[in-house]
Amino acid sequence: MRLINRPVLCNYYVTYRCNASCSFCDIWEKPSPYIQLEDVVKNLKSLRKMGVRVVDFTGGEPLLHPELHLFLAEAKSLGFITTVTTNCLLYPKRAHQLAGLVDMLHFSLDSVDESLHNQSRKVECFSFVQRSIDLARSLGEKPDILFTVTDANIWEIQEAYERFHCQKGLILILNPIFAYQSVGNDLGKNNLQELRKWTKKPGVYLNSAFLDLRLAGGNHVSNPVCRAGSSTIVISPDNKLVLPCYHLGLDSFPIQGELESLWKSEKVQELVALEGRHPGCEGCTINCYMEPSMAVELNKNWWMSLGSTVRYSLEKWVYS
Ligand code: SF4
Ligand code: SF4
8 MRLINRPVLC NYYVTYRCNA SCSFCDIWEK PSPYIQLEDV VKNLKSLRKM GVRVVDFTGG
68 EPLLHPELHL FLAEAKSLGF ITTVTTNCLL YPKRAHQLAG LVDMLHFSLD SVDESLHNQS
128 RKVECFSFVQ RSIDLARSLG EKPDILFTVT DANIWEIQEA YERFHCQKGL ILILNPIFAY
188 QSVGNDLGKN NLQELRKWTK KPGVYLNSAF LDLRLAGGNH VSNPVCRAGS STIVISPDNK
248 LVLPCYHLGL DSFPIQGELE SLWKSEKVQE LVALEGRHPG CEGCTINCYM EPSMAVELNK
308 NWWMSLGSTV RYSLEKWVYS
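Okay, so the sequence shown: first residue is 8 according to the working numbering, each after it adds one.
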């Protein structure tokens with residue numbers, strides 16, 4: 008049963024540019040403009056009217072945008088929950104500007120080993136993560152560690168847990184790697200099973216419904232779990248509405264200050280109705296869309312996701 012008949016999340020791509028070039032991501036290869044403040048102000052007002060609650064200013068590397076703090080301040084003033092994920096290269100420079108504006112601040116980490124992490128990101132950024140944690144904490148921020156789990160680094164989770172949760176009090180978000188279009192590799196089945204033991208561990212966020220979906224082969228076009236089109240608004244750096252999701256990106260429409268009416272238009276709603284049913288959707292495991300998909304429909308996934316979300320919120324409060 009559909010519980011929420013409106014989009015709940017906006018993935019707002021501030022630029023596709025990035026100062027890293029991770030092996031499991033191809034976004035940094037795309038030429039890209041930067042979003043404009045004037046468009047952001049208009050779009051945020053529309054998003055509010057459409058009922059969206061959470062805005063994820065993403066990229067690329069979102070901190071590359073010199074006006075990120077202005078977008079966040081505008082979003083906060085309109086009552087949105089804000090989220091930003093960064094590779095930390097620019098965080099020490101921007102931390103004071105961003106302080107108090109990001110509700111869910113995620114620092115990306117792929118290894119507890121400096122050289123392996125830098126190798127994965129193809130840039131020397133491990134030390135920036137360490138510095139960013141201390142700086143963020145000193146500013147009263149509550150960053151999380153976003154650990155992308157691969158077949159190569161799964162054995163490092165325990166150490167990451169001890170180092171970042173037990174010693175520093177941060178929540179460890181486990182993000183099983185996913186493949187899309189021919190980019191990256193999926194996590195092996197045995198390792199997905201292995202991750203189960205982390206789903207109830209204090210200080211760890213890993214949605215067990217999402218893990219079940221992965222073990223069942225991801226989204227199936229015959230009976231899709233994906234509600235990307237109807238639960239998530241995707242805005243590109245050139246101010247277009249992208250459908251049904253960034254990764255499939257089948258179509259895009261210029262917003263021109265009319266996000267709400269564009270969203271309700273027949274041409275957009277036709278694409279929304281096909282969410283999770285496109286040929287490229289078979290086997291999809293893109294968690295950026297599965298999490299919001301599981302939040303809008305009342306079923307087993309919703310209950311399981313609720314448990315993970317409530318636990319995350321409580322722990323965030325306890326460890327802050
Ligand atoms: S830091 Fe993020 S956006 Fe940049 S290349 Fe890596 S995964 Fe992609
Ligand atoms: S199933 Fe995957 S590829 Fe298809 S619309 Fe959903 S998120 Fe995009």
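Note that the Cβ used here is the ideal one computed from N, Cα and C, for glycine as well.
- Here Cys173 is exposed, its C-beta having fewer than 16 other C-beta atoms within 10 Å.
- Annotation for Leu255 indicates a beta carbon within 7 angstroms of some heavy atom of ligand 2.
- In the same chain as Phe87, and ignoring 5 residues on each side of it, the C-beta atoms closer than 6 angstroms to its own belong to Val62, in chain order.
- One alpha carbon belongs to Leu105, the other to Lys208, and they sit about 30 angstroms apart.
- When secondary structure is reduced to three states using DSSP, Asn182 falls in the strand class.
- Ala159 has its Cβ no nearer than 7 angstroms to any heavy atom of ligand 1.
- When beta bridges are read from the DSSP output, Arg9 appears opposite Glu304.
- Phe217: not part of any beta strand (DSSP E); member of the alpha helix (DSSP H) spanning Ser215 to Leu222, first to last residue.
- About 13 angstroms separates the beta carbon of Leu153 from that of Ser127, a gap too long to meet the 8 angstroms contact definition.
- Gly58 and Cys17 have their C-alpha atoms spaced approximately 10 angstroms apart.
- CA-CA distance, Leu313 to Leu255, rounds to 27 angstroms.
- The beta carbon of Pro150 sits closer than 8 angstroms to the beta carbons of Leu112, His113, Phe114, Ser139, Ile140, Ala143, Arg144 and Leu177 from its chain, once the five residues preceding and following it are set aside; these are given in chain order.
- Secondary structure at Pro286: helix, using DSSP grouped into helix, strand and coil.
- The beta-bridge partner set that DSSP reports for His113 consists of Thr92 and Asp151.
- The beta carbon of Cys233 sits closer than 7 angstroms to those of Asn226, Glu282, Gly283, Cys288, Cys291, Tyr296, Met297 and Ser300, all from its chain and outside the five residues before and after it, given in chain order.
- Nearest to Leu202 by C-alpha distance, out of Thr92, Asn182 and Ala82, is Asn182.
- Remark: three or more beta-carbon pairs, one from each stretch, lie closer than 8 angstroms, so the stretch 46–60 and the stretch 264–274 are flagged as touching.
- Leaving aside the five residues that flank Ser272 on each side, none in its chain has a CB nearer than 7 angstroms to its CB.
- Within the chosen limit of 7 angstroms, ligand 2 does not reach the beta carbon of Asn26 with any heavy atom.
- Spanning the alpha carbons of Pro286 and Asp33 requires a straight line of approximately 21 angstroms.
- In this structure, Trp35 has its CB closer than 7 angstroms to one or more heavy atoms of ligand 1.
- Approximately 5 angstroms separates the beta-carbon atoms of Tyr20 and Pro244; this is inside 8 angstroms, confirming the contact.
- In the three-state scheme derived from DSSP, where H, G and I count as helix and E and B as strand, Thr65 is classed as strand.
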